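Chains as they are written, first to last, in the working numbering: chain A, 841 to 1436; chain B, 214 to 644.
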């Protein structure tokens, strides 16, 4: 049994055995690099030649080659080229995969792994990713669906298979516990894989279980050979974790010193255990000390994270409120249908996405001007059709626009059904920017923050630098005088309202990436929008920016202590008290215009 | 024979037309009125409209078979518009003005609580098709959805046994169903030796959309070296941003699985399912269940609604069971008289869609299988586990101190929905 890779944590240990690591320990010292891990040890998956021991070593050229050729399809192909007459076992075993329960499947996977056949990791990876298919024949043919496209190959022979044969295959189902088991099996098989990403993934997997000191010698070996700096880091961490269990207290102290800066949760858990359970008081002390220093770093990053959460919550508020800052802030129209304009923008996004299904990025980018136009036109129609007759009668405007909001909602319900519409995100809007194990910022939130600021600046420029902006401000300040100077106030009103509505539509595009697209979505934002505009000061765009960011921050810094429900209530109470003290908001209009 | 002829012709999509014609032929008999009390506008329309269609389909189908007691059925549809007080008003309207013989409807617990006194006062029958928090049993209501012991408890058992979960996040929307369910779950987990610090409870407002901090908290909670799972009673609209945030922050279903009690096929059809794949849901029915009854039901539904992309879900099955139970009870009783039908309903068994027989119990709940499904990319569920037997629904949870000694039994000599077995007293309804 491979004594150099005994993992104390049970499951991994068993799977290590399962992979048939029949390499004598002595081999380590002589034949350095390639332990008998599944495929990679026996044959280079690309060429079928016996593997060059320097492949994982220091030769920069080969290291470069690896990174270029890590395409999975290539790998799959190569496995079959290098195939010798290994085991008829695999052919028999694999046919048992489609039958039985998940646990049966798991046992078959373990038996497959134990054969050490080069095809097995490829087959297990396909199974894990839901790309392993079985035909209805008896016995079934097992096929591997290619990662992209509709083609695929036979899992046993590696021959390419027609797309319609692939289409006739049924996916072999996997569930989460089975996925975890498969990952462990694959991790063990890929610990010395040519692709550094795979090696890193394998090590991360290894770290989860209690790493025992038995694998130290092997880890030392790997540290020497590793060329990729990130994998080396991981290796050092894993080695330090393993050394936490050695008998020599000096070595344990050394490990603690090395682990001091690490933010990985596995490290914290193990240090915590050392700090409470180690028999040597000095080691306990050191571990506690290291934990404290880690904790203080974590506190800093958590604060940064909270700051980002606050900014991001603020950017959503800003997007939702900024259109209202125009219609309500500048024109004084209490537009209760503002949320529905956001909804129209979101539906436009969905509509464009269904028109061009393949191109997610293009459809999102196209949706921005489209939503602006659609929502803007609806806004102009609202203004010309209803609101223009109600200027100076705020209560009636409120009722009329509330009615319009109900009409718009029910129209959408009748046209598109009351069910929510699915809007997909392009890849660049999913996932997160990884800074360290504590801090990672989600891409969608980052883009929306940038987008919100962009919209804000654009709007500011329109108001300050264009002739439309000048007229809007003139009409807002003194309507009769503006009219006397030849401004067509009716036309300006319609355009201003259209601008506010259009921006609400643009907000809808962004919000479709965060939340549901359904007939009711607007209602979730109407109260928040009014809150922001009133808090920031009616008629002041900068006030809206500060108000939105302030309220976002406040909510996010309250939430961890009070929970989401109470945080919301506290923010509302704060605004009520604030408005009592300063009825005109943070940045009230000054001068004569304020009196009007 | 006319009846036979009609039976075959309705297999075509022209069901509705065929039925209205059929209705005309048996006009001589007075129709039996079936009330449908589901919101067709407002927030709940998203879920409830489908159930209205389901009852209409069942009524049409029954009429095609010749109605009940030789009389045709007539659906009386009202719209309570997701407005809780309006639910009570519409119920009164159905029972007093329209004189319906049975009502199928209501979704939210708060709406049921507002309808309950009205159906009791006017002595109606209500079939309630949604999973709920339990702690209730009315003489006039038949609960065909799951009680907590038919959904939440088996789900937790599954995670404990199959995943070895030791740390639990109970996340829910802030209203009565999640709060009661989580109280039961918390008591159950503690009884199973889970420590206080291994349970995190979190409530969010309706339609909550900013999940950043909460997901970060969950992630942190799950990093303590013990396997962690989220039990989600998060309702409706808040789910999309929740799962999206989980996906974006890199929490995968194999790290921290989320098991949901309110996410079904219907909800998934309005979501981008990619971030949800691999997460779990516990229900008593999935559209993907492979039985002949289910295949027939789906086929009929597609024909009725005229769209083969529409999905079926758990509350639809509950209406299917409830409707068939009521039909059988009326036929057994030979009358639509409410008191006789209520008595006849006890012990009625009808096939469910997952291959078993649902029985109406004396506490007005039914027997159901429990299924755990993993969400697939196409918005369907892959059944990964199910109970061997049907589980009888508990009106009162044995895990809560207040309700441990209470049972519901609507047969003599107890005839009470709230009977304390220790003091041997019936304390009447307690809502």
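C-beta: ideal position from N, C-alpha, C; glycine also.
Since we're looking at a predicted model, the values are computed, not measured.
Beyond the five residues adjoining it in sequence on each side, residue 934/A comes within less than 6 angstroms, by CB distance, of 982 in the same chain, given in chain order.
The Cβ atoms of residue 497/B and residue 582/B sit closer than 9 angstroms to each other. Excluding sequence positions up to five before and after residue 305/B, its CB lies within less than 6 angstroms of the CB of 331, all in the same chain and listed in chain order.
Residue 564/B: not part of any alpha helix (DSSP H); member of the beta strand (DSSP E) spanning 562 to 564, first to last residue. Judged by beta-carbon spacing, residue 584/B lies beyond the 9 angstroms limit of residue 510/B, meaning their Cβ atoms are not closer than that value. Boundaries of the beta strand (DSSP E) harbouring residue 415/B: 412 to 417, taken from the DSSP string. Beyond the five residues adjoining it in sequence on each side, residue 1004/A comes within less than 6 angstroms, by CB distance, of no other residue in the same chain. Using a CB distance cut-off of 9 angstroms, residue 267/B does not count as an interface residue toward chain A.
Taking every protein chain shown into account, the CB of residue 1042/A has 16 or more other CB atoms within 10 angstroms, so this residue is buried. Contact of residue 1149/A with chain B by beta-carbon distance below 9 angstroms involves 423, 425, 426 and 429. Assigned with DSSP and collapsed to three states, residue 496/B falls in strand. Interface annotation, residue 1268/A: not in contact with chain B, CB-CB separation never under 9 angstroms.
Rounded to whole angstroms, the gap between the alpha carbons of residue 335/B and residue 307/B is 10 angstroms. Residue range 505 to 518 is occupied by the alpha helix (DSSP H) that includes residue 514/B.
With fewer than 16 other CB atoms across the displayed protein chains lying within 10 angstroms of its CB, residue 1090/A is exposed.
Put simply, the CB of residue 482/B is near chain A, with a gap under 9 angstroms to one of its CB atoms. Excluding the 5 residues flanking it on each side, residue 363/B has same chain C-beta neighbours closer than 7 angstroms at 497, 581, 583, 604 and 606, in chain order. For residue 380/B, no Cβ of chain A is located within less than 9 angstroms of the residue's own Cβ. Annotation for residue 570/B: the continuous beta strand (DSSP E) segment containing it runs 570 to 572. Taking 9 angstroms as the threshold, the shortest C-beta distance from residue 493/B to chain A falls below it. Under the Cβ criterion of 9 angstroms, residue 1029/A is not counted among the residues facing chain B. The DSSP assignment places 1178 to 1195 as complete runs of the alpha helix (DSSP H) inside the region 1138 to 1197 of chain A, in order along the chain (cut-off: 4 residues). Taking a beta-carbon distance threshold of 9 angstroms, residue 595/B counts as an interface residue toward chain A. Within the region 1348 to 1363 of chain A, contact with chain B at the beta-carbon level (separation under 9 angstroms) is assigned to 1351, 1353, 1354, 1355, 1356, 1357, 1358, 1359, 1360, 1361 and 1363. Taken in chain order, the members of the region 989 to 1013 of chain A whose beta-carbon sits within less than 8 angstroms of a beta-carbon on chain B are 1013.
Annotation for residue 444/B: the continuous beta strand (DSSP E) segment containing it runs 441 to 446.
Residues are counted here when their Cβ sits less than 9 angstroms from a Cβ of chain A; for the region 314 to 345 of chain B the count is zero.
Counting the other CB atoms within 10 Å of its CB gives residue 977/A a total below 16, which places it among the exposed residues.
Nearest Cα to residue 1239/A within the set 1211/A, 1177/A, 1119/A and 1182/A: 1177/A.
DSSP links residue 340/B through a beta bridge to 317/B and 355/B. Look at the region 1409 to 1433 of chain A: it has no residue with a C-beta under 8 angstroms from a C-beta of chain B. With respect to residue 395/B, residue 373/B sits apart: the two C-beta atoms are not nearer than 9 angstroms. As a beta-bridge residue in DSSP terms, residue 633/B pairs with 619/B and 638/B.
Secondary structure at residue 310/B: helix, using DSSP grouped into helix, strand and coil.
Residue pairing of residue 594/B in beta bridges, as defined by DSSP: 588/B.
Interface residue (Cβ-Cβ distance to chain A less than 9 angstroms): residue 475/B is not classified as such.
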